[in-house]
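**Q** Can you read through this structure? Questions will come right after.
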Amino acid sequence: APSPRPRAEEDAGGAMASIPRDAPANPPAPHPACLRWAVNISRWHPSDDHDGPEFRFLLALLPEHEREECLRFRFMDDKKRALLSRLMQRAACARVADVPHADVLLRRTKGKKPFFAWTEMPLFDADLAADLAAAPNFNFNVSHEGEFVVLASEPVAIVGVDVAAPGQLRNRNRKGGAPSVEETLESFRETLSVSERNAIRAFQTEAEKEDAFRRHWSCKEALVKAMGVGLGMELGRASFSFKKQHEHAYDAVVEVDGEPKTKWRFRTERVFGSSDAFGCFGDATSGSNEREYQNENAHWITTARGPTEDVTDAFGAFISTWRAPDAGREDDATWRAVVDAPAPPYSLIEVGDLVPRECIDAFRRAGGEAR
Numbered sequence: 001a002p003s004p005r006p007r008a009e010e011d012a013g014g015a016m017a018s019i020p021r022d023a024p025a026n027p028p029a030p031h032p033a034c035l036r037w038a039v040n041i042s043r044w045h046p047s048d049d050h051d052g053p054e055f056r057f058l059l060a061l062l063p064e065h066e067r068e069e070c071l072r073f074r075f076m077d078d079k080k081r082a083l084l085s086r087l088m089q090r091a092a093c094a095r096v097a098d099v100p101h102a103d104v105l106l107r108r109t110k111g112k113k114p115f116f117a118w119t120e121m122p123l124f125d126a127d128l129a130a131d132l133a134a135a136p137n138f139n140f141n142v143s144h145e146g147e148f149v150v151l152a153s154e155p156v157a158i159v160g161v162d163v164a165a166p167g168q169l170r171n172r173n174r175k176g177g178a179p180s181v182e183e184t185l186e187s188f189r190e191t192l193s194v195s196e197r198n199a200i201r202a203f204q205t206e207a208e209k210e211d212a213f214r215r216h217w218s219c220k221e222a223l224v225k226a227m228g229v230g231l232g233m234e235l236g237r238a239s240f241s242f243k244k245q246h247e248h249a250y251d252a253v254v255e256v257d258g259e260p261k262t263k264w265r266f267r268t269e270r271v272f273g274s275s276d277a278f279g280c281f282g283d284a285t286s287g288s289n290e291r292e293y294q295n296e297n298a299h300w301i302t303t304a305r306g307p308t309e310d311v312t313d314a315f316g317a318f319i320s321t322w323r324a325p326d327a328g329r330e331d332d333a334t335w336r337a338v339v340d341a342p343a344p345p346y347s348l349i350e351v352g353d354l355v356p357r358e359c360i361d362a363f364r365r366a367g368g369e370a371r
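Following our numbering, the numbering of the sequence shown begins with 1 at its first residue and continues without gaps.
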């Protein structure tokens, strides 16, 4: 669960932050600014929905324009996704920068990539710079689909995340039934490469093929979200291949326009939804092949890590927050130490974990649950 991070001992001193050049012999613990969070919206049932005191309390933690964005959605699940996504972003920034939740300033690039605009904050001072010295390019990304809202953050590498829910192939075809995977692959000829379509076809059952399709799709989304290009990049330019790590996780590599992107790393993990015990979340041993493909609540979460040079930021405001803007310029040992640094598994957190500590009692009085 989120908790305040100790203040960094380093003093930025206004200088450009450097990346450690010597990778330790023993892999270190994940960096404090390397976060992997998930909330299951199907397990949160605020009384009276968006009109109830709990939802309204949480909404009041956001700026006015973000409250309006959350309430603009028609369905309650979409309202919950929007609210929790915004609370996650603020909780992550408050934790890493050691600043009050209410002072966190968020912006978006032209491509809609959210970022922590810490250099624009009124309280910007040497202490804040020192807190971020150990995370010179601190950035995050969020995704929400199906039952999960997820956040990933990184101290140096650029990060993107995507969650792909089940049921993506259930739209009706012309005959009124659910389309086959083959029909879907034909529909996505311009989006999936030949090798990707062949890899999906290689699986035996329709369920396995649909699972593989979502895994490919999630990687493409995580890539473009990390780069901040939005709809500006045709997904068919990126072609992924996978190496299985265990029954619930794959590592992936990507080629863009036929060129291997060796500076990028992708990790995609299968997690299960509300009808299952959550032991499968980040657990390499639980479950079985039969259970995996019969389970209709399995989601894929993909995390992308990449170099700064591949980011698109038309206005330059996101780039201005970096103090290691050349991270990943060379595909050398220094960069590999960054992009291959250990990351924690995704942690299932509760809605109450996103509430500032000083507000916990008031949250409980509004009907919320907090640990």
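Each residue gets a CB set at the ideal place from its N, CA and C atoms; glycine is no exception. In this text the structure is predicted, and so the values were computed from the model without any measurement.
Kindly give me the distance between the Cβ atoms of Ile-301 and Val-163, rounded to whole angstroms, as I take these residues to be in contact under 8 Å.
**A** Residue numbering aside, residue 301 sits at position 301 when the sequence shown is read from its first letter. Residue numbering aside, residue 163 sits at position 163 when the sequence shown is read from its first letter. Ile-301 to Val-163, Cβ: 5 Å. Contact.
**Q** Rounded to the nearest angstrom, what separates Phe-140 and Asp-98 at their Cα positions?
**A** For this step, residue 140 is matched to residue 140 along the sequence shown. For this step, residue 98 is matched to residue 98 along the sequence shown. Cα to Cα, the separation comes out at about 16 Å.
**Q** On the criterion of 16 or more Cβ atoms from any shown chain inside 10 Å, does Asn-198 qualify as buried, or is it exposed?
**A** By 1-based counting over the sequence shown, the position of residue 198 is 198. Under this definition Asn-198 is an exposed residue.
**Q** Closer than 8 Å is the cut-off here; do at least three beta carbon pairs connect the stretch 241-249 with the stretch 220-231?
**A** Segments in contact, no.
**Q** Are the stretch 121-137 and the stretch 63-79 touching by the rule of at least three beta carbon pairs closer than 8 Å?
**A** Not touching, per the Cβ criterion.
**Q** Which word fits Ser-239, buried or exposed, when buried means at least 16 other C-beta atoms lie within 10 angstroms of its C-beta?
**A** Taking the first residue of the sequence shown as 1, we reach residue 239 at position 239. Flag for Ser-239 reads buried.
**Q** Among all the DSSP beta bridges, which residues are the ones paired with Phe-203?
**A** Here residue 203 corresponds to residue number 203 of the sequence shown, with the count starting at 1. In DSSP, Phe-203 forms no bridge with anything.
**Q** Please state whether the Cβ-Cβ distance between Cys-93 and Pro-344 is less than 8 Å.
**A** Here residue 93 refers to the residue found at position 93 when the sequence shown is read from its first residue. Here residue 344 refers to the residue found at position 344 when the sequence shown is read from its first residue. Not a contact, by the Cβ cut-off of 8 Å.
**Q** Is it buried or exposed for Gln-204, if we count other Cβ within 10 angstroms and need 16 for buried?
**A** Against the sequence shown, residue 204 aligns to sequence position 204. It is exposed - the Cβ of Gln-204 has fewer than 16 other Cβ atoms within 10 Å.
**Q** Thr-285: buried (16+ other C-beta within 10 angstroms of its C-beta) or exposed?
**A** For the purposes of this step, residue 285 is taken as residue 285 along the sequence shown, with counting starting at 1. Only weak support exists for where Thr-285 lies, its pLDDT of 44 falling under 50; the value from the coordinates is given anyway. So Thr-285 ends up on the exposed side.
**Q** What residue from Ala-126, Met-88, Pro-122, Gly-52 has the CA that sits closest to Phe-115's CA?
**A** Counting from one through the sequence shown, the residue named residue 115 turns up at place 115. Comparing Cα positions, the closest option is Met-88.
**Q** Do Phe-213 and Thr-191 have their C-beta atoms closer together than 8 Å?
**A** Residue mapping note: residue 213 aligns to position 213 of the sequence shown, counting from 1. Residue mapping note: residue 191 aligns to position 191 of the sequence shown, counting from 1. No, Cβ-Cβ distance for Phe-213 and Thr-191 is not below 8 Å.
**Q** Pick out whichever of Ala-135, Pro-28, Gly-111, Val-104 has its Cα sitting closest to the Cα of Leu-123.
**A** In the sequence shown, the residue the question calls residue 123 occupies position 123. The candidate whose alpha carbon is nearest that of Leu-123 is Val-104.
**Q** Check the DSSP bridge columns for Gly-306 and list the partner residues they point to.
**A** Mapped onto the sequence shown, residue 306 falls at position 306. Answer is Ile-158.
**Q** What three-state label does DSSP hand Ile-301 in the structure shown?
**A** Locating residue 301 in the sequence shown gives position 301, counting from the first residue. Three-state result, Ile-301: strand.
**Q** Glu-196: buried (16+ other C-beta within 10 angstroms of its C-beta) or exposed?
**A** Numbered from 1 along the sequence shown, position 196 holds the residue referred to as residue 196. Buried, because 16 or more other Cβ atoms sit within 10 Å of the Cβ of Glu-196.
**Q** Look at the Cβ atom of Arg-365, then the Cβ atom of Gly-352, and state whether they are nearer than 8 Å.
**A** Residue 365 sits at position 365 when you count from the first residue of the sequence shown. Residue 352 sits at position 352 when you count from the first residue of the sequence shown. Against a cut-off of 8 Å, the Cβ pair of Gly-352 and Arg-365 comes out as no contact.
**Q** At 4 residues or longer, and completely inside the stretch 188-253: list those alpha helix (DSSP H) runs for me, N to C.
**A** Taking only runs of at least 4 residues, the alpha helix (DSSP H) segments lying wholly in the stretch 188-253 are 194-201, 206-227.
**Q** Report, in whole angstroms, the separation of the C-beta atoms of Trp-118 and Thr-321, which I expect to be a contact under 8 Å.
**A** Numbered from 1 along the sequence shown, position 118 holds the residue referred to as residue 118. Numbered from 1 along the sequence shown, position 321 holds the residue referred to as residue 321. About 6 Å; that satisfies the 8 Å criterion.
**Q** If Val-338 sits next to Val-156, beta carbons under 8 Å apart, how far is it from one beta carbon to the other, in whole angstroms?
**A** Within the sequence shown, residue 338 is the residue found at index 338, counting from 1. Within the sequence shown, residue 156 is the residue found at index 156, counting from 1. That belief holds up - the Cβ atoms of Val-338 and Val-156 are roughly 5 Å apart, short of 8 Å.
**Q** Which runs of the alpha helix (DSSP H) fall wholly inside the stretch 38-66 and span at least 4 residues, in chain order?
**A** 53-59, all fully within the stretch 38-66.
**Q** Which residues share a DSSP beta bridge with Asn-139?
**A** For the purposes of this step, residue 139 is identified with residue 139 of the sequence shown, where counting begins at 1. Note: Asn-139 sits in a beta bridge opposite Glu-154.
**Q** Within the same chain, show all residues whose beta-carbon is closer than 8 Å to that of Phe-363, passing over the 5 residues directly before and after it, in chain order.
**A** Residue 363 sits at position 363 when you count from the first residue of the sequence shown. The residues are Glu-54, Phe-57, Leu-58, Gly-352, Val-355, Ala-370.
**Q** Does the Cβ of Asp-251 have 16 or more other Cβ atoms within 10 Å, making it buried, or fewer, making it exposed?
**A** For the purposes of this step, residue 251 is identified with residue 251 of the sequence shown, where counting begins at 1. Exposed, because fewer than 16 other Cβ atoms sit within 10 Å of the Cβ of Asp-251.
**Q** For Gly-116, which residues does DSSP report across the bridge?
**A** The count along the sequence shown starts at 1 and reaches residue 116 at position 116. In the sequence under discussion, the amino acid at residue 116 is Phe, which differs from the Gly named in the question. In the DSSP output, where bridge partners are listed per residue, Phe-116 has Leu-106.
**Q** Would you decide whether Asp-313 is buried or exposed? Buried here means 16 or more other CB atoms lie within 10 Å of its CB.
**A** Residue mapping note: residue 313 aligns to position 313 of the sequence shown, counting from 1. With 16 or more other Cβ atoms within 10 Å, it is buried.
**Q** DSSP three-state label for Ser-85, please.
**A** If you number the sequence shown from 1, residue 85 lands on position 85. DSSP places Ser-85 in helix when its eight states are reduced to three.
**Q** According to DSSP, simplified to helix, strand and coil, what is His-31?
**A** By one-based count along the sequence shown, residue 31 stands at place 31. In this structure, His-31 counts as coil in the three-state DSSP scheme.
**Q** Rounded to the nearest angstrom, what separates Gly-368 and Pro-46 at their Cα positions?
**A** Indexing the sequence shown from 1 puts residue 368 at position 368. Indexing the sequence shown from 1 puts residue 46 at position 46. Looking at the two C-alpha atoms, the distance is approximately 8 Å.
**Q** Excluding the 5 residues flanking Lys-225 on each side, which residues of the same chain have their C-beta closer than 8 Å to its C-beta?
**A** Locating residue 225 in the sequence shown gives position 225, where the first residue counts as 1. Here the set comprises Lys-113, Asn-141, Ser-143, Gly-160, Val-161, Asp-162, Ala-304.
**Q** Please determine, among Glu-64, Ser-241, Ala-298, Asp-340, the residue with the shortest C-alpha to C-alpha distance to Ser-193.
**A** Taking the sequence shown and counting its residues from 1, one reaches residue 193 at position 193. When each option's Cα is compared against that of Ser-193, the closest is Ser-241.
**Q** Which word fits Arg-357, buried or exposed, when buried means at least 16 other C-beta atoms lie within 10 angstroms of its C-beta?
**A** Here residue 357 corresponds to residue number 357 of the sequence shown, with the count starting at 1. Result: exposed.
**Q** Per the DSSP calculation, Thr-268 is bridged to which residue(s)?
**A** In the sequence shown, residue 268 corresponds to position 268, counting from 1. Thr-268 is bridged to Tyr-250, Thr-302.
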